[in-house]
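Participant:
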Amino acid sequence: MANDKENVTRRKFLREGLWGACLAGAGTAAGLSVARNNRDNTVWQIDPFKCIACGNCATYCVLELSAVKCIQAYALCGYCDLCTGYLVPEPKALDTGAENELCPTGAIERTFVEDPYYEYSIDEALCNGCGKCVKGCMVFGNGSLFLQVRHDRCLNCNECAIAAACPAQAFQRVPADRPYLLKEVEPLE
Amino acid sequence: MTRFACITAFAVALLVPCLQVRGDLRFPPPEFESGYQFPQAPPPPMPRPVLYEYAEAVLLVAALLLASYLILRRRSRRAIFVLMLGALFYFGFWRQGCICPIGAIQNVTLTAFDNSYAIPLAAAAFFVIPLVFTLFYGRVFCGAVCPLGAIQDAVLIRPVRVPGWLESGLRLLAYTYLGAAVLFAALGGAFLICRYDPFIGFFRLSGNWNILMLGTSLLVIGLFVGRPYCRFLCPYGVILRHLSRLSKQRVTITPNECIKCRLCEDACPFGAIREPTEDWPEGEYKIAKRRLALFLVLVPVLIAAGGWAGYSLKDRFARVHPTVRTAERIYLEETGQVAGTTDVSDAFRATGQTSALLYREATGIRNQFAAGGALLGAFVGFVAGGKLVVLSVRRRRTDYEADPASCLACGRCYKYCPKEQERWKKTRSMGAAR
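From first to last, the protein sequence lines stand for chains A and B.
In terms of the working numbering, the first sequence is residues 128 to 316.
In terms of the working numbering, the second sequence is residues 0 to 433.
#1: Could you pull out every unbroken alpha helix (DSSP H) segment of at least 4 residues lying fully inside the stretch 116 to 175 of chain B, listed in chain order?
#2: Which of helix, strand or coil does DSSP assign to B/V334?
#3: Closer than 8 Å is the cut-off here; do at least three beta carbon pairs connect the stretch 234 to 250 of chain B with the stretch 94 to 113 of chain B?
#4: So, for B/G376: in the same chain, excluding its five sequence neighbours on each side, which residues have a beta-carbon less than 6 Å away from its beta-carbon?
#5: Apart from the five residues just before and just after B/D152, which ones in its own chain have a Cβ nearer than 7 Å to its Cβ?
#6: Given that a residue counts as buried once 16 or more other Cβ atoms are within 10 Å of its Cβ, and exposed if not, what is A/N168?
#7: Please confirm whether B/V107 has its beta-carbon closer than 9 Å to some beta-carbon of chain A.
#8: Specify the secondary structure class of B/T325 as computed by DSSP and reduced to three states.
#9: Check the Cβ-Cβ distances between B/S205 and every residue of chain A, and say whether any is below 9 Å.
#10: Which ranges does the alpha helix (DSSP H) cover as unbroken runs of at least 4 residues, wholly within the stretch 61 to 93 of chain B, from first to last along the chain?
#11: If you follow the beta strand (DSSP E) that B/F31 is in, where does it begin and where does it stop?
#12: Does the CB of A/T169 have a neighbour CB from chain E at under 9 Å?
#13: Report back the beta-carbon spacing between B/A383 and B/L171 to the nearest angstrom; my notes put them in contact at under 8 Å.
#14: What residues in its chain sit with their C-beta under 7 Å from that of B/L65, if we drop five residues either side in the sequence?
#15: Quick one: residues in its chain with C-beta nearer than 7 Å to the C-beta of B/C263, no 5 flanking neighbours on either side, listed in chain order?
#16: With DSSP collapsed to three states, give me the class of A/I249.
#17: Would B/D196 be called buried (16 or more neighbouring beta carbons within 10 Å of its own) or exposed?
#18: So, for B/R21: in the same chain, excluding its five sequence neighbours on each side, which residues have a beta-carbon less than 7 Å away from its beta-carbon?
#19: With a threshold of 9 Å between beta carbons, is A/Y213 in contact with chain B?
#20: From what residue to what residue does the beta strand (DSSP E) around A/R237 run?
#21: My output table needs one value for A/M169: the three-state DSSP class, helix, strand or coil.
#22: Hey, does B/Y35 have any beta-carbon neighbour from chain A nearer than 9 Å?
#23: Do B/F316 and B/G372 come within 9 Å of each other at the CB atom, strictly closer than that value?
#24: Would you decide whether B/T325 is buried or exposed? Buried here means 16 or more other CB atoms lie within 10 Å of its CB.
#25: Run the CB neighbour count on B/Q352, radius 10 Å, all protein chains shown included, and call it buried at 16 or more, exposed below.
#26: Since B/F223 is in the alpha helix (DSSP H), which residue starts that stretch and which ends it?
#27: Going by beta carbon distance, what residues of the same chain come within less than 6 Å of A/T232, once the five residues before and after it are set aside?
#28: Roughly how many angstroms lie between the CA atoms of B/G206 and A/G263, to the nearest whole one?
#29: Going by C-alpha to C-alpha distance, which of B/L87, B/A401 and B/E421 sits closest to B/R203?
#30: What is the rounded straight-line gap between the Cα of A/R137 and the Cα of B/P275?
#31: Which word fits B/T362, buried or exposed, when buried means at least 16 other C-beta atoms lie within 10 angstroms of its C-beta?
#32: Can you tell which of B/L387, B/R365 and B/E30 has the C-alpha that lies nearest to the C-alpha of A/E241?
#33: Count the other C-beta atoms from every protein chain shown that fall within 10 angstroms of the C-beta of B/S428, then say buried if there are 16 or more, exposed otherwise.
#34: For A/E143, which of helix, strand or coil comes out of DSSP?
#35: Examine the Cβ distances between the stretch 178 to 191 of chain A and the stretch 201 to 221 of chain A and report whether three or more of them are shorter than 8 Å.
#36: Taking C-beta to C-beta, are B/A117 and B/L59 nearer than 9 Å?
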């Protein structure tokens with residue numbers, strides 16, 4: 128009988144010890160995580176210099192219409208008449224005809240500025256992030272068009288589905304207070 | 000000059016780091032004569048402020064406190080069910096299932112293995128808070144707060160009993176899943192749990208076809224087999240079941256004493272009710288002892304076999320890592336085994352890196368996966384052996400009780416207990432008297 132009681136207390140002691148150890152373990156995990164944390168969240172963003180405009184952004188996003196959109200860096204744009212981001216290769220005419228446009232959703236607007244320059248701007252509501260214009264502009268133009276994750280749309284999934292499918296590993300986690308990786312020109316020194 | 004000043008001012012105002020374009024542009028930006036100014040784009044939208052994440056964690060604590068109260072004190076299945084539906088709506092459909100404690104396992108793992116990774120506070124909180132609650136009150140998170148559990152619990156209409164040995168065997172899947180998720184999060188930076196989250200497609204009302212089909216089949220199975228994901232797949236459930244064994248308080252079928260009336264025997268759709276047992280019958284005892292000895296010897300054999308199997312799968316495991324995939328493709332192309340290029344190889348060539356460096360990197364990662372794969376296999380072997388041992392040991396029980404590890408704290412069994420009915424009547428009459 129006495130032996131039995133002793134057994135029970137020993138078991139209880141082990142249990143309590145293990146319980147405390149688990150609690151301490153959870154606490155340590157929390158503490159270390161907080162210590163490692165930079166006090167801000169991270170969000171997903173595309174490094175435009177790694178991006179090869181493969182088109183995955185349009186199809187792999189968990190949203191029906193991708194959170195990735197095209198951005199125009201006006202300061203980099205050549206304002207070309209024959210814009211390879213706007214027009215299909217060997218267009219029938221250099222105009223705004225739908226058959227000449229590269230963009231599948233007609234999200235790029237072409238407006239005349241002055242001879243021979245045209246301004247190209249993106250209608251974000253229509254853009255589906257397919258990157259066709261980005262590729263055209265990158266290969267033959269200045270590369271002023273580039274893709275970015277728009278944070279009003281992005282759900283910030285724990286693992287971005289596009290990042291997992293990105294062939295160029297261009298997706299990265301960036302601090303949430305600096306959530307964009309924009310292309311700009313070098314300031315003159 | 001004014002243009003650059005304007006751009007600089009714009010950049011500073013937005014506080015965004017600007018990646019600078021080096022070298023000359025193919026088409027120099029024109030000098031406009033018409034006084035054209037660059038259109039002023041509105042500042043790009045910012046993500047949700049971090050305050051929301053704190054609010055989310057506070058809400059999780061509140062939900063768990065309420066769940067603990069309803070499950071352990073109030074003992075009301077109806078109230079638990081309502082809270083569960085609320086959690087399903089909020090953490091599932093409203094927050095669209097991200098972040099969840101199950102996935103947070105990977106964030107915590109990545110924090111431990113990758114120094115450059117800063118874990119979001121929400122992920123750390125969602126990982127730790129349910130663990131702490133489980134240490135105090137059992138699996139109340141599973142019972143009433145987890146949206147993945149809730150969506151399955153809501154569709155359960157006709158539970159069938161799964162034999163104990165099958166249940167135990169299928170649970171090996173969950174251990175394997177946990178081990179694999181930790182391995183890939185640590186070495187590959189790939190989040191398996193998120194990739195194969197079966198219900199996230201429903202929460203977002205959109206998603207990958209395969210995952211939607213997986214979710215649908217789990218829900219169809221879930222009509223008859225209670226919460227199949229929780230019992231046989233959930234990696235977080237594996238952690239919770241072992242912590243729940245140590246919990247300070249937990250679900251008891253009866254509010255005071257068990258009268259062994261057997262009324263609750265079939266109450267649990269998750270097979271978590273254990274009946275009273277005696278010691279082994281005289282004849283079986285010897286066989287059982289020999290079986291136990293055999294299984295104890297088998298444990299190291301299973302560990303070794305698992306380790307070897309995991310090691311020999313190293314190449315396949317390593318392919319999860321993008322660098323290894325890239326290296327394999329580049330190797331095939333360079334040795335002329337395939338013609339043409341893919342997006343992956345194009346992107347690699349665009350970086351201007353040498354393939355020798357890439358191969359070296361890939362070999363390093365492969366070696367890591369060899370060690371990791373062996374560890375994973377050994378872990379699975381150990382768990383399988385442990386299960387055999389545990390299945391061949393008989394514990395003495397005097398009452399009908401909820402198995403602390405398997406009980407998902409849904410509260411279905413309460414109403415089956417006549418002692419509970421008695422308690423209800425008493426509290427009701429006390430309320431009426433007042």
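Each residue gets a CB set at the ideal place from its N, CA and C atoms; glycine is no exception.
Facilitator: In short:
#1: 120 to 136 and 146 to 154
#2: In the sequence on display, residue 334 of chain B carries Thr and not Val. In this structure, B/T334 counts as coil in the three-state DSSP scheme.
#3: yes
#4: G305, G306, A308 and G309
#5: M83, R226 and C409
#6: buried
#7: yes
#8: helix
#9: yes
#10: 76 to 86
#11: Run containing B/F31: none; DSSP gives neither H nor E here.
#12: Absent from the structure: chain E. Protein chains present are A and B.
#13: 6 Å
#14: L82
#15: I252, I272, Y399, C412, Y415 and C416
#16: strand
#17: buried
#18: Only weak support exists for where B/R21 lies, its pLDDT of 48 falling under 50; the value from the coordinates is given anyway. Excluding residues within five positions, none has a Cβ falling inside 7 Å.
#19: no
#20: I235 to E241
#21: Before going on, a small fix: residue 169 of chain A reads as Thr here, not Met. Of the three classes helix, strand and coil, the one that applies to A/T169 here is strand, per DSSP.
#22: yes
#23: yes
#24: buried
#25: exposed
#26: Careful: B/F223 lies outside any alpha helix (DSSP H) and carries neither H nor E.
#27: L253 and N255
#28: 29 Å
#29: B/L87
#30: 24 Å
#31: exposed
#32: B/E30
#33: exposed
#34: helix
#35: no
#36: no
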